[in-house]
Amino acid sequence: MEGRGDMRRVIFRAEIFKEGEVYVGLCPELNISSFGEDIEDARRSLQEALGAFLEECEEMGTLEEVLEEAGFLQREGTWVSREPVVEEKMAISR
402 MEGRGDMRRV IFRAEIFKEG EVYVGLCPEL NISSFGEDIE DARRSLQEAL GAFLEECEEM
462 GTLEEVLEEA GFLQREGTWV SREPVVEEKM AISR
């Protein structure tokens with residue numbers, strides 16, 4: 402998210418899913434999603450949605466707090482999401 406006032410760069414994880422006839426883009430750390438007609442459209446739409454959200458946070462003075470609470474770390478002026486040591490799918494049966 403460069404070039405927006407004094408907002409620093411934010412590197413986030415994006416997940417793209419196909420749901421019916423559309424593709425859904427999701428940033429799980431911030432729980433923001435958007436959609437598009439194809440993968441690239443969903444990707445662009447997610448970037449726009451995140452950009453608008455982060456810009457609003459910056460205007461409200463809550464950007465740093467929101468990113469920290471979502472688990473982002475600041476490294477050399479760039480906000481990055483945490484990298485899991487282990488990532489796996491698990492199941493629970495009851």
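If you want this note's numbering, it's the position in the sequence shown, counting the first as 1, plus 401. Even glycine gets a Cβ: it sits at the ideal position worked out from N, Cα and C. Quick caveat: nothing in here was measured; it's all calculated off a predicted structure.
Counted within 10 angstroms of its Cβ, other Cβ atoms place F418 as buried (16 or more) or exposed
Taking the first residue of the sequence shown as position 1, residue 418 is located at position 17. Exposed: under 16 other Cβ atoms inside 10 Å.
Whether or not the region 468-476 and the region 435-453 are in contact is what I'm after, with contact meaning three or more pairs of Cβ atoms, one per stretch, closer than 8 Å; do they touch?
no
Any idea which residues DSSP pairs Q475 with across the strands?
What you label residue 475 is simply residue 74 of the sequence shown in a count that begins at 1. DSSP output for Q475 lists W480 as bridge partner(s).
Select from E465, T479, S446 and Q448 the residue whose C-alpha is nearest the C-alpha of R410.
Stepping through the sequence shown from its first residue, residue 410 is reached at position 9. Residue T479 is the option with its Cα nearest to R410.
Quick one, which of G421, V423, V486 and F454 has its alpha-carbon nearest I433's?
Counting from one through the sequence shown, the residue named residue 433 turns up at place 32. Residue F454 is the option with its Cα nearest to I433.
Whose C-alpha, out of E422, D442, G452 and E430, is nearest the C-alpha of L474?
In the sequence shown, residue 474 corresponds to position 73, counting from 1. For L474, the nearest C-alpha among the options comes from E430.
Can you look up S446 in the DSSP assignment and give me helix, strand or coil?
Looking up residue 446 in the sequence shown gives position 45. Reduced to three states, the DSSP call for S446 is helix.
Nearest CA to the CA of R414: which residue from L464, G421, E422 and G426?
Residue 414 sits at position 13 when you count from the first residue of the sequence shown. Out of L464, G421, E422 and G426, G426 has the C-alpha closest to the C-alpha of R414.
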